[in-house]
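See below for the structure under consideration.
Number of protein chains: 2
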Amino acid sequence: MPTIKYYLREGLLPAGVLTSPNQAHYDEEHLRRLRLVRALVDVGGLSIAAVREVLAVIDTREESLHTKLGTVQEAISRPSAAEFDPLAVKDVQEFCDRHGAPEGFDIAGSGVTQMLAAALSAARSIGHDHFQQLLEPYLEGLRIIARADLEYIARLGSRDAVIEGMVVGTLIGDEVLKALRRLVHAQVSRELVETDSR
Amino acid sequence: MPTIKYYLREGLLPAGVLTSPNQAHYDEEHLRRLRLVRALVDVGGLSIAAVREVLAVIDTREESLHTKLGTVQEAISRPSAAEFDPLAVKDVQEFCDRHGAPEGFDIAGSGVTQMLAAALSAARSIGHDHFQQLLEPYLEGLRIIARADLEYIARLGSRDAVIEGMVVGTLIGDEVLKALRRLVHAQVSRELVETDSR
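Just so you know, the protein sequences line up as chains F and U, in that order.
Counting from 1 along the first sequence, just add 2 to a position and that's the residue number in the numbering used here.
Counting from 1 along the second sequence, just add 2 to a position and that's the residue number in the numbering used here.
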C-alpha cells in the first residue's frame, strides 16, 4: 500500500521487521499505530506535522494519564481562524472564570479556548452578537456527552488504548455530534415551530 | 473588495444599484446576504456550488418554515466520506427507528444520516466497533443543546433572519461545541481518572 510507505517515510510508523528483501512483518502494535494515523489524517483532517506532534505526545512516557490526555487534546485542537474579536475573547474569559476552567486553559496559551474564541468571533463578524448566550445550555448538554465519552475510553483497557481512544473519540465524536445535532434539530423544530406561521 | 466582486461574478450576491460608473450602492439586504455567504464559506467551509444551493433554498418562497429549515439543513450537511460499513448503516437505521426519525431521514436520501453513518463507519474501520453505544447519551445531551439552538433562532425575528440563523447557528455551533466539549473533557477527566494509576 503506497500510503503505508508514505507514513513510514514520514516517520509516522516504525519500520517493520524485514522477512525478505521486499517484505516486512508488522505486528499488532504497528497495526494499532496505522489505524491511529489513519484516524488522525482521514477523520481529523490533521496535517502530517500535527500527526507527528500527537504521536510524540503519546510516546512520551513520564506523565500522569490526566496530564497526557490534556496534552494530546491540545495537539488535536486548533482554531479554524486566527482572527479574534476582543469582545469574543472577553466572553470566553468570563465563561472560563465562571466555570473554574482547569489550569492551563487560558486564552493565550490554549488551542481549545482559541477554538472557542474564533467561533464566537466568527458569529460576531456576521452580526450574531448574542451567540455566547448558548454557552450555558451547551455546557449543560455537553456534561452528559463528555461523561459518556470518558466512560467509553476508560473501558478500553490499557493506558495506550485509553489515549488512542481519547484522540479517536474526540475526532470521530465531533462528526457524530454534528450529524446527530442536525437530526435532533429536525425533531425539536417540528415541536417548536410547526404551527408558527412565519 | 475583490471577494465581493468574486461573489457577484458567481451570482451569490445580487448586483447593487449603480450610483456612478465605478460605484454601486448596497442596502441592508445586500449586507445580510454578504454576511451569510461569508459564514457559509469561511466558517462552514462550503464550496461555491454548495453555497449556491443553500441560497436557492432560502430564496424559494413557497414552503412552510419547518420544511424550509429541513431543506436548508440538508444543503449544509454532507458526509465527510462516502464509505459506509454495512454494520454502521444498520446501527444508524436502528437508532433512527428507535427514536422515530422524522420523515425524510432515511439512510439513502439524507445527507444527515449519511454523515452519521460515515462517522460510525470510520470508527469501525479503526477497530472501534462499539462507538454506537455513545449515540444514546449523545442524544440526551443534544436534546438540551438543540432546544437552546431553536429558541435562539426563534428569537431572531423575521422569517429570513430565522432561516439565516439556522444556517449560521448550525455551522458556528458545530465549532463552539467542538471547543466546549474539549474543555468539558478536561474537567470530567480530572474527576474520573485523576486518581487512576494507568
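We treat Cβ as the ideally placed atom computed from N, Cα and C, and that holds for glycine.
For residue i and residue j, which I take to be in contact (beta-carbon distance under 8 Å), what is that distance rounded to the nearest angstrom?
i	j	result
F/Leu71	F/Met168	5 Å
U/Val94	U/Leu57	Not really, about 29 Å apart at Cβ, beyond 8 Å.
U/Ala181	F/Met117	4 Å
U/Ser82	U/Ala120	6 Å
U/Arg183	F/Ile147	7 Å
U/Leu276	U/His27	Residue 276 of chain U falls outside the range modelled here, since chain U spans only 3 to 200, and no answer is possible.
U/Asp44	F/Ala124	7 Å
F/Glu96	F/Ile50	In fact, because the Cβ distance is near 37 Å, the residues do not count as touching under 8 Å.
U/Leu152	F/Leu179	The Cβ separation is near 17 Å, so there is no contact.
F/His101	U/Arg192	Actually they do not touch by this definition, with Cβ atoms about 13 Å apart.
Quick check: the Cα distance between residue i and residue j, rounded to an integer number of angstroms?
i	j	result
U/Gly129	U/Cys98	23 Å
U/Ile165	U/Ile60	7 Å
F/Leu173	U/Ala188	15 Å
F/Val114	F/Glu65	20 Å
F/Ser199	U/Ala77	Bear in mind that the predicted position of F/Ser199 carries a pLDDT of just 49, short of 50, making it unreliable; the figure below should be weighed with that in mind. When rounded, the distance between both Cα atoms is 23 Å.
U/Glu30	U/Leu38	12 Å
F/Gly159	U/Ile6	54 Å
U/Ala52	U/Val74	11 Å
F/Asp131	U/Arg161	19 Å
F/Val186	F/Ser22	55 Å
F/Gly175	U/Glu177	13 Å
U/Val19	F/Pro139	43 Å
F/Leu144	U/Val190	10 Å
F/Asp87	F/Glu142	25 Å
F/Gly47	F/Val170	12 Å
U/Val91	U/Arg126	11 Å
U/Leu136	U/Arg34	38 Å
F/Tyr8	U/Leu10	42 Å
U/Glu55	F/Asn24	50 Å
U/Arg157	F/Arg157	42 Å
U/Phe133	U/Ala17	49 Å
F/Thr1	U/Arg40	For chain F, the structure presents residues 3 to 200; residue 1 of chain F sits outside this window and is missing.
F/Leu1	F/Leu36	Residue 1 of chain F is absent from the structure shown; chain F starts at 3 and stops at 200.
U/Ala163	F/Ala163	46 Å
U/Ser112	F/Ser112	36 Å
DSSP state of residue i, grouped into three classes?
i	result
U/Ser127	helix
F/Ala26	strand
F/Glu85	coil
U/Leu15	coil
F/Leu20	strand
F/Gly167	helix
F/Ser160	coil
U/Arg192	helix
F/Gly47	coil
U/Arg80	coil
What residue does the alpha helix (DSSP H) around residue i start on, and which one ends it?
i	result
F/Asp93	88-100
F/Arg54	50-61
F/His132	No alpha helix (DSSP H) contains F/His132, which DSSP labels as neither H nor E.
F/Val74	67-77
F/Gly143	137-156
Taking 7 Å as the cut-off, is the beta-carbon of residue i closer than that to any non-hydrogen atom of the ligand FAD?
i	result
U/Ala26	This structure lacks the ligand FAD, and indeed carries no ligand of any kind.
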